[in-house]
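Residue 1 is where the sequence shown starts when you use full-length UniProt numbering, and the numbers rise one by one after that. Where a beta carbon is used, it is the ideal one built from N, C-alpha and C, also for glycine. Since this is a predicted model, take the numbers as computed values, not measurements.
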Amino acid sequence: MTSTQTFRAAVLGASGYTGADLIRLAARHANIEIVALIAKAHAGQPLAKVFPHLASLDLPSLVTSDEVDWDGVDVAFCGLPHGTAHGEIAKLPERVKVIDMSADFRLRDLDTYAQWYGGEHGAPHLLPDTVYGLTEHYREAIADARLVACPGCYPTAVLLALLPLAKGALIATDGIIVDAKSGVSGAGRSLKQNILFSEAGEGLSPYGVGTHRHVPEIEQELGQAAGRAVTVNFTPHLVPMTRGELCTCYVPLAGGTSADDLRQGLREAYASSPFVRVVDEGIIPATQHVRGSNYCHIGVFADRIPGRAIVISTIDNLVKGSAGQALQNFNVMHGLDETTALEQLPLFP
């Protein structure tokens, strides 16, 4: 569907990487007018000073949320850190639709949130009406939602690869192992020792071993698909590149299924999904194939271990893993063509 209607948008967390990519994409959306850029630490500065690569855009300077006239805002994109977003979102007028790229509304269980994020949820009254924003699997609910919680980058890649297989009982959900790797931008823009060039460059390192906060999100959605509690062995790794994410999932096959069955099941599940491409047998997905785009590539391989298969998925962590998926959800929420402003092809080389 095409429309000439314009929606006035505010971006909270506009000085972060996800905020910057959201601005980059939304600036070319025919139905979006960016009217407010919110970044507390950089308030008063022009966008061009914070992000010189966006200097050609005619956009307002950064401000605090208290300076925004929310009566003039239709939709808010939130790229704030976890633990911060729920407080800001709770203050917004109910008429403002919210697309949250933080972790604050992804988990449905309050105790699970408190356990993994180290504190009580600040806006539990909003959770019952929140829709999990994995577009390909929740389109109908997203279309009617006021608050959409976009998945984390790792859950996006893992769940796109595994949800159809769990739903279709093509795999068993015991013994799933996920080996995940992400570029340094996934750690955010703040100063951290482990992402300094001298620390992260020319090496590969695991982190969050057994404790990464995206684990309960993956288990929540896989468990719902399988109709039972699911536990996943998940280990992320930091790769010395800026963008990109690749997840290699080792899965047990359900009785009698094969890698070919898994590939066919994925193709059927995503036949009407413009951004998910199940690659042909023998093609190995790589981060270079999706960089800068909203695409997800998925490949399936037979494991040499009988009764198992290997499913590999790759995305750009800042686009399909965050800002692009947020814009995709915006399109669905407003009855627009799902691909609007997301048509750009991957950057290569």
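I298 places its beta carbon less than 8 Å from that of A161. Beta-bridge analysis with DSSP links Y132 to A149. For the pair of segments examined, the region 125-140 was found not to touch the region 232-247: the number of CB pairs separated by less than 8 Å stays below three.
When the five nearest sequence neighbours on each side are left out, the beta carbons in the same chain lying within less than 8 Å of the beta carbon of L222 are those of L159, L162, L163, A166, T173, I176, V230 and V232, in order along the chain. Uninterrupted beta strand (DSSP E) stretches at least 3 residues long and entirely within the UniProt domain "Semialdehyde dehydrogenase NAD-binding" (8-145) occur at 32-38, 75-78, 97-100 and 130-132, given in chain order. A14 places its beta carbon less than 8 Å from that of I38. DSSP, reduced to helix, strand and coil, places V158 within a helical segment of the structure shown. Take the alpha-carbon of L25 and the one of V11: they are about 12 Å apart.
Secondary structure of K320 (DSSP, three-state): helix. Taking every protein chain shown into account, the CB of V209 has fewer than 16 other CB atoms within 10 angstroms, so this residue is exposed.
Taking the C-beta atoms as reference points, D104 is found nearer than 8 Å to H86. The beta carbon of S185 lies closer than 7 Å to those of Y17, T242, R243, N317 and L318 in the same chain, with the five residues before and after it left out. Of the candidates H137, Q220, F234 and I34, the residue whose Cα lies closest to the Cα of T211 is F234. Taking a C-beta distance under 8 Å as the contact criterion, H29 and A341 qualify as a contact pair. Under DSSP, the beta-bridge partners assigned to A180 are P236 and C247. Counting C-beta atoms within 10 angstroms of its own C-beta, I284 has fewer than 16 neighbours from the protein chains shown and is therefore classed as exposed.
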